[in-house]
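Just so it is clear: in the sequence shown, position 31 is 22 by the working numbering, and no numbers are missing. Where is the CB? At the ideal position from N, CA and C, for every residue including glycine. Note that the coordinates shown come from a computational prediction; the quantities given were computed from them, not determined experimentally. Here is the structure we will look at.
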Amino acid sequence: MLAALLFSIAAFAQPRAAYGLVVQNQTSCDQYYVVVGDELCDCGGTYGSSIISIPPGGTHVYPNSTTIPGFPTTMPKGIFGAKIPDGPIYCNVPAGAVGQPACGLPPLYGFITIGANCIRCTMAKANWIPASNSCQEMARLIFTP
-8 MLAALLFSIA
2 AFAQPRAAYG
12 LVVQNQTSCD
22 QYYVVVGDEL
32 CDCGGTYGSS
42 IISIPPGGTH
52 VYPNSTTIPG
62 FPTTMPKGIF
72 GAKIPDGPIY
82 CNVPAGAVGQ
92 PACGLPPLYG
102 FITIGANCIR
112 CTMAKANWIP
122 ASNSCQEMAR
132 LIFTP
């Protein structure tokens, strides 16, 4: 009981959103993601990126949300999570989500990656490392085998 209470306090001590995002793909397959956000430090889902593909070994760095395809470009918004399709949308694949624990999102999603040819590629995990101290920090989304 005490451990659950301490965990919930720790989750609420974390910011509800991040200012920027770094995405890394450490798998041998293309990975796909949709960044979700709202106003700074909010958990709402007002904004969503287009579907973004990251190649094996790739790194995408978004210093703030104005550089994310599909987000408003005039003023930075908060980033609180990502939808993780298991592959290209045209393959009619399921999807999961990861994100800031303070917004109720899990930090990990395990799945079977589906390649561009709609054939199984590999087992993968999407790991969300939250912004930890303020809404002005970067979160990380790391795809691992």
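Have a look at residue i and residue j and give me their C-alpha separation to the nearest angstrom.
{"i": "residue 109", "j": "residue 75", "result": "16 angstroms"}
{"i": "residue 27", "j": "residue 12", "result": "11 angstroms"}
{"i": "residue 105", "j": "residue 67", "result": "32 angstroms"}
{"i": "residue 33", "j": "residue 69", "result": "7 angstroms"}
{"i": "residue 46", "j": "residue 35", "result": "29 angstroms"}
{"i": "residue 23", "j": "residue 30", "result": "24 angstroms"}
{"i": "residue 25", "j": "residue 40", "result": "5 angstroms"}
{"i": "residue 89", "j": "residue 64", "result": "24 angstroms"}
{"i": "residue 17", "j": "residue 78", "result": "16 angstroms"}
{"i": "residue 128", "j": "residue 85", "result": "30 angstroms"}
{"i": "residue 98", "j": "residue 58", "result": "23 angstroms"}
{"i": "residue 132", "j": "residue 21", "result": "14 angstroms"}
{"i": "residue 92", "j": "residue 42", "result": "23 angstroms"}
Taking the alpha carbon of residue i as the point to measure from, which residue in the options has its own alpha carbon closest?
{"i": "residue 94", "options": "73, 112 and 116", "result": "73"}
{"i": "residue 9", "options": "71, 136 and 15", "result": "71"}
{"i": "residue 62", "options": "124, 38, 133 and 99", "result": "38"}
{"i": "residue 112", "options": "119, 120, 118 and 103", "result": "103"}
{"i": "residue 107", "options": "133, 91, 83 and 15", "result": "83"}
{"i": "residue 118", "options": "128, 87 and 134", "result": "134"}
Per DSSP, residue i forms a beta bridge with which residues?
{"i": "residue 74", "result": "25 and 88"}
{"i": "residue 9", "result": "70"}
{"i": "residue 44", "result": "23"}
{"i": "residue 15", "result": "50 and 133"}
{"i": "residue 99", "result": "118"}
{"i": "residue 38", "result": "28"}
{"i": "residue 65", "result": "Paired residues: none, contrary to the question."}
{"i": "residue 105", "result": "111"}
So, is residue i buried or exposed, given that buried needs 16 or more other C-beta atoms within 10 angstroms?
{"i": "residue 80", "result": "exposed"}
{"i": "residue 50", "result": "exposed"}
{"i": "residue 60", "result": "exposed"}
{"i": "residue 96", "result": "buried"}
{"i": "residue 56", "result": "buried"}
{"i": "residue 122", "result": "buried"}
{"i": "residue 6", "result": "buried"}
{"i": "residue 136", "result": "exposed"}
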